[in-house]
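Comments concern the structure below.
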Amino acid sequence: MQGCGLRAGREISVDDTVNRLAKELADAMADAVASDPRVEACRARAREAGYDLRVTLDAEIGFAARSGKKARRMAVTRASHATRHVAMTDNDRRFLKSLRIAPDAATEEV
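Numbering (the UniProt record's numbering), first residue to last: 1 to 110.
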């Protein structure tokens, strides 16, 4: 977090708070999409047509300090719901192998 004018000890807690809030928001967004009956209906139609449907959510979330002082931009974080586990299909494995990526390595959390 360069340029925000915070002391090093406080930067860590701000980063932790921002990261926690961004993750909570990403989780809530993914849960909302996953539980939407329209999304499930689309997934069912794709399966009936012989396809596996994969949905990836990517959000850019910005945080700004709220205080009597001039608001400073604290952080912008990109939150994607990479912690969701999706079953890897045979096509996924073949694609990874074509890129010379071991499919087992792709399942490890980064």
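No residue lacks a Cβ here, since even glycine has one placed at the ideal position from N, Cα and C.
Would DSSP call residue i helix, strand or coil?
i      : result
Ala59  : strand
Ala49  : coil
Leu6   : Because the pLDDT at Leu6 is just 44, under 50, the model does not fix this residue reliably, and the value given afterwards should be weighed accordingly. Here Leu6 sits in coil by DSSP.
Ala102 : coil
Ala65  : coil
For residue i and residue j, I'd like the C-alpha separation in whole angstroms.
i      : j     : result
Arg66  : Thr56 : 31 Å
Arg93  : Asp15 : 36 Å
Thr17  : Ala30 : 20 Å
Ala102 : Val33 : 30 Å
Leu25  : Gly50 : 33 Å
Since residue i and residue j are thought to touch, with beta carbons under 8 Å apart, how far apart are those beta carbons, to the nearest angstrom?
i     : j     : result
Leu53 : Arg43 : 5 Å
* Asked: Can we say the stretch 48-62 touches the stretch 21-33, given the rule of at least three CB pairs closer than 8 Å?
  -> yes
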